[in-house]
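In this note's numbering, the protein residues as written are 16 to 86. All C-beta atoms in this analysis are idealised placements derived from N, C-alpha and C, irrespective of residue type, glycine included.
So, in structure tokens, the structure goes:
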């Protein structure tokens, strides 16, 4: 029983802290999702990315349409 008690005494006390992210995704997560600074900005980033992706695909397929001399 003494081993169990000594094991639990060695464990850290208090609330757990958020681990620091490494790399671009980890830093993005730390900035916008973790802690008191969590916000809805990632939804705006997603919407802008979706619009940019849609514009890029429309532009690409429109150029393919002109490649064969139509229009």
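By the three-class DSSP mapping on this structure, what secondary structure does residue 38 have? In the chain shown, counting from the first residue as 1, residue 38 sits at position 23. Residue state, collapsed to three classes: helix.
What number of angstroms, rounded off, separates the C-alpha of residue 47 from the C-alpha of residue 54? Locating residue 47 in the chain shown gives position 32, where the first residue counts as 1. Locating residue 54 in the chain shown gives position 39, where the first residue counts as 1. Rounded to whole angstroms, residue 47 to residue 54 spans 6 Å at the Cα level.
May I ask you to report which of helix, strand or coil DSSP gives residue 26? Numbered from 1 along the chain shown, position 11 holds the residue referred to as residue 26. In the structure shown, residue 26 adopts coil according to DSSP, grouped into three states.
Kindly give me the distance between the Cβ atoms of residue 45 and residue 35, rounded to whole angstroms, as I take these residues to be in contact under 8 Å. Taking the first residue of the chain shown as position 1, residue 45 is located at position 30. Taking the first residue of the chain shown as position 1, residue 35 is located at position 20. Contact annotation, residue 45 with residue 35: C-beta distance approximately 7 Å; criterion of less than 8 Å satisfied.
In whole angstroms, give me the CA-to-CA distance for residue 18 and residue 27. As a first step, residue 18 must be located in the chain shown, where it is residue number 3. As a first step, residue 27 must be located in the chain shown, where it is residue number 12. Cα to Cα, the separation comes out at about 17 Å.
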